[in-house]
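Here's the structure, in structure tokens; my notes come after.
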Ligand SMILES: NC(=O)c1ccc[n+]([C@@H]2O[C@H](COP(=O)([O-])OP(=O)(O)OC[C@H]3O[C@@H](n4cnc5c(N)ncnc54)[C@H](OP(=O)(O)O)[C@@H]3O)[C@@H](O)[C@H]2O)c1
Ligand SMILES: NC(=O)c1ccc[n+]([C@@H]2O[C@H](COP(=O)([O-])OP(=O)(O)OC[C@H]3O[C@@H](n4cnc5c(N)ncnc54)[C@H](OP(=O)(O)O)[C@@H]3O)[C@@H](O)[C@H]2O)c1
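Residue numbers (my numbering), protein chains in the order written: chain B, 1 to 426; chain S, 427 to 852.
So this is what it looks like as structure tokens:
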């Protein structure tokens, strides 16, 4: 018996799928009740088809999605084109043609999951996307199956390999943001337009998906507070280091009494925190829960083979479910009413760097105290352009207090807020 | 609909099961198609029954296993007594009575899995034991489901919380082995007879189980080379640190060309290796594979709640399988002919500490060279009892060469081998 599949796109990840199926065929054949075979591959146009065939690729390439949809032998469509359109239309049509769908498309799933999952349910087919979050780390299936018995209270993740590579170089080698970005681009880790990676957008998409699996809530992407790494200065890095912290771009989901607080932001992690050692392009998801307590899942967040391995795991799961259960399963069954935390329930300790017209510690401390902020540590430094810089760590404050002080600082002529980063895990 | 279960034993882990079922009931009820209820609990005798009821435990306690076996409403038996007998007899009878079994008993499963799994298969019932390896880390189900598509080449694990706690103190605080053991006993981490933990026996059991899930091979416990932490000296710890390593008790399974090399031994890990930061009672399993590359799974290796959470995950999986598939599933489907690595294919770099009658570097280097061992670094020190100690790191050697040099050193009157530890991950 054979499970016939079609690939949409034949880029980095898609071309890794036959690679994994071949390199690991012995184990895959033993563990799938139906063997997996690639019937058709959709490519953009005739030119691309000719190019791939000239390279020796011996697949049935097609340029019209209808050829795949109409093929009744194909029971799974694997979408690896990326972005929203035409991926969304193709997935919709595949589900409506009663084909199971596997995808790695975090952007699409984060923005349109409700709609797509409803179509999958109506058509009684499965929609799996293990590779969409942290490429090679099998975090989604672990959450929905192994952590099924646990109540998760907080998730912290290093979820973007590009920005983590850059931050690792900034922290360990003292590189500037600009040098780190240039090197990431030279090494092929960052695209020519790095916005999604460095602004925390990619990580925010992943938090939307993680929220469903870890907390049963379907967050709107616009409810994810996100801030990137572009404003981090060498002074911030040094301050963190001398105070026992490492700066990472951390995506966090925390259940407060009013709902979920979901945020991506540069964050200070204590240097002995398990996430603090996750370096270069590696990713990790750190989970706090009432049963297990603390656990962490670490691996490559991207790359052809790791991502294709997750795609093939979805395919094998489908192959076995089709053979034994004969029916669709939901990837995630956990559903609760979605609630977003009120600003006053969302709290954290903070690090502020503030440029000053005069180096008056007492005045600034009082200014902050007036806003309800208690200063824990206070240091004065010279910034690179010779301004006086106050570097401050605070006790825990709410987002409401934070927003208020940000506004007050913006109105003040004495102070200019340079950065405000969370201090986590103390 | 209700899944009725019985607990065998009501000790640390077993009494955590109702705790997790209650504390996390909202999620558990939503995610199980049959709710889980504890029908009967087997305790040792009437006295224990009275004691527990006097404490306010309101369960149906029984003292005869037959009362559970004869109860047709009970479909799952959860064995949490530990050790070999009577656990083995009870599990066998439960399986023969067509009851699914969940257990956390690594000793029993490592030694008698073939027999018990055959009985489960014959009787078409499931036998799950996620909690048997690394308590709160969901490593077994992750291996059998998420890493299904990957070919694993090496597994390294910090698998024993007690010895890891002791080593962490020896490394970070400079404690002696004796002080570390005494503290572990005072804190309740080590039993009064700590043999299984400190001699690597407990970790060896876990390697037997991991070998099945990661490599599809059923290793005999006696084929696991194991060495504990009792001989580690402060000099070893210091040498490791000054050369950029951390000493951990590492369980390793590696596929060589002739078969699996399976070993538990104190090992030098480079200090930036992900496992090197796994401290105190935490456990982790680090996996090298052709698809994902490297990944790590980190969490508590023991403790009431983490272990009970894994037991409840097995119960929920069973509950859903009983409701939908209606039939037993194997926990692990991966099976290959078992092969043990030849000594000459099992290789590693080594650290030796050798007591000398004279401090002649050249003579010892030549002695080792004659055995086919190339010295990479060589240092002379005074040991605590004022002997001269050579501390040496070698390039990679085979176990055959190792055994030969161990014998030669034993025969020599000039040298006495104190310790030989692997240097991993270079
Ligand atoms: N790369 C990773 O490590 C990684 C990790 C996790 C998740 N993902 C996700 O996996 C997906 C694929 O990523 P990727 O890195 O493989 O991207 P990629 O290398 O850019 O591949 C996408 C392929 O789709 C083709 N394509 C675009 N429009 C098409 C159309 N209308 N019809 C047919 N083919 C079309 C592209 O062709 P052209 O080149 O002609 O446009 C390209 O070959 C994305 O959703 C991404 O977010 C990737
Ligand atoms: N504790 C952990 O963190 C952990 C982690 C992973 C796996 N495990 C495994 O989980 C299992 C249970 O461990 P545990 O820590 O819960 O041990 P435990 O606290 O010693 O509990 C075992 C219980 O079984 C009872 N018992 C012994 N013989 C019995 C019999 N014939 N009939 C009825 N009850 C009997 C014992 O009673 P008495 O006290 O009267 O002997 C005791 O209450 C073991 O296999 C262990 O290896 C434990």
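From the three backbone atoms N, C-alpha and C, an ideal C-beta is built for every residue, glycine too. Fair warning: this is a prediction, and the values are worked out from it, not measured in the lab.
Cβ pair residue i, residue j closer than 8 Å
i                      : j                      : result
residue 297 of chain B : residue 723 of chain S : yes
residue 774 of chain S : residue 849 of chain S : yes
residue 526 of chain S : residue 744 of chain S : yes
residue 434 of chain S : residue 462 of chain S : no
residue 442 of chain B : residue 197 of chain B : The question about residue 442 of chain B has no answer, for chain B in this structure spans 1 to 426.
residue 741 of chain S : residue 431 of chain S : yes
residue 223 of chain B : residue 264 of chain B : no
residue 87 of chain B  : residue 575 of chain S : no
residue 510 of chain S : residue 592 of chain S : no
residue 549 of chain S : residue 522 of chain S : yes
residue 147 of chain B : residue 289 of chain B : yes
residue 530 of chain S : residue 469 of chain S : no
residue 133 of chain B : residue 311 of chain B : no
residue 39 of chain B  : residue 73 of chain B  : yes
Status (buried if at least 16 other CB within 10 Å, exposed otherwise) for residue i
i                      : result
residue 135 of chain B : buried
residue 75 of chain B  : buried
residue 210 of chain B : buried
residue 792 of chain S : exposed
residue 154 of chain B : buried
residue 795 of chain S : exposed
residue 442 of chain S : buried
residue 618 of chain S : exposed
residue 220 of chain B : exposed
residue 790 of chain S : buried
residue 448 of chain S : exposed
residue 283 of chain B : buried
residue 540 of chain S : exposed
residue 427 of chain S : exposed
residue 278 of chain B : buried
residue 681 of chain S : buried
Closest by C-alpha distance to residue i, when choosing among the options
i                      : options                       : result
residue 354 of chain B : B/19, B/209 and B/387         : B/387
residue 336 of chain B : S/721, S/454, S/428 and S/528 : S/454
residue 809 of chain S : S/663, S/677, S/727 and S/836 : S/663
residue 676 of chain S : S/806, S/586 and S/728        : S/586
residue 26 of chain B  : S/806, S/742 and S/577        : S/577
residue 679 of chain S : S/721, S/656, S/628 and S/640 : S/640
residue 543 of chain S : S/507, S/825, S/644 and S/820 : S/644
residue 524 of chain S : S/547, S/565 and S/511        : S/547
residue 726 of chain S : S/764, S/565 and S/601        : S/565
residue 672 of chain S : S/594, S/448 and S/563        : S/594
residue 657 of chain S : S/625, S/835, S/819 and S/615 : S/625
residue 569 of chain S : S/718, S/665, S/508 and S/465 : S/718
residue 840 of chain S : S/815, S/820, S/479 and S/819 : S/815
residue 396 of chain B : B/56, B/377, B/44 and B/279   : B/377
residue 653 of chain S : S/628, S/692 and S/467        : S/692
residue 706 of chain S : S/598, S/776, S/466 and S/788 : S/598
residue 467 of chain S : S/460, S/444 and S/459        : S/444
residue 321 of chain B : B/24, B/31 and B/11           : B/31
beta-carbon residue i near ligand 3 non-hydrogen atom, thresh 7 Å
i                      : result
residue 514 of chain S : Looking at this structure, you won't find ligand 3 anywhere; what it does contain is ligand 1 and ligand 2.
Near-chain S residues of the stretch 331-342 of chain B - C-beta to any C-beta below 9 Å: 333, 334, 335 and 336
Selection of the stretch 134-157 of chain B by Cβ proximity to chain C, strictly under 8 Å: Here chain C cannot be found, since the structure's protein chains are B and S.
The stretch 257-273 of chain B contacting the stretch 86-97 of chain B, beta-carbon criterion three pairs below 8 Å: No, because fewer than three Cβ pairs between the stretch 257-273 of chain B and the stretch 86-97 of chain B fall closer than 8 Å, the two stretches do not touch.
Three or more C-beta pairs below 8 Å linking the stretch 487-504 of chain S and the stretch 464-477 of chain S: yes
The stretch 605-619 of chain S / the stretch 337-356 of chain B touching (three or more Cβ pairs under 8 Å): No: the two stretches stay apart, fewer than three of their Cβ pairs being nearer than 8 Å.
Segment contact, 8 Å Cβ cut-off, at least three pairs: the stretch 301-308 of chain B with the stretch 730-747 of chain S: Judged by pairs of C-beta atoms under 8 Å, the stretch 301-308 of chain B does not touch the stretch 730-747 of chain S, as fewer than three such pairs exist.
Positions along the stretch 281-306 of chain B whose CB lies within less than 9 Å of some CB in chain S: Listed by position along the chain: 282, 284, 286, 287, 289, 290, 291, 292, 293, 294, 295, 296, 297, 298, 299, 300, 303, 305 and 306.
Selection of the stretch 27-53 of chain B by Cβ proximity to chain S, strictly under 9 Å: 27, 28, 30, 31 and 32
Inter-stretch contact at 8 Å, needing at least 3 Cβ pairs: the stretch 108-126 of chain B / the stretch 201-209 of chain B: Enough Cβ pairs lie closer than 8 Å, so yes.
Contact set between the stretch 257-280 of chain B and chain S, restricted to residues whose Cβ is under 7 Å from the partner: 274 and 277
Contacting positions in the stretch 3-25 of chain B - beta carbon closer than 8 Å to chain S: Taking 8 Å as the Cβ-Cβ cut-off against chain S, the residues of the stretch 3-25 of chain B that qualify are 20, 23 and 24.
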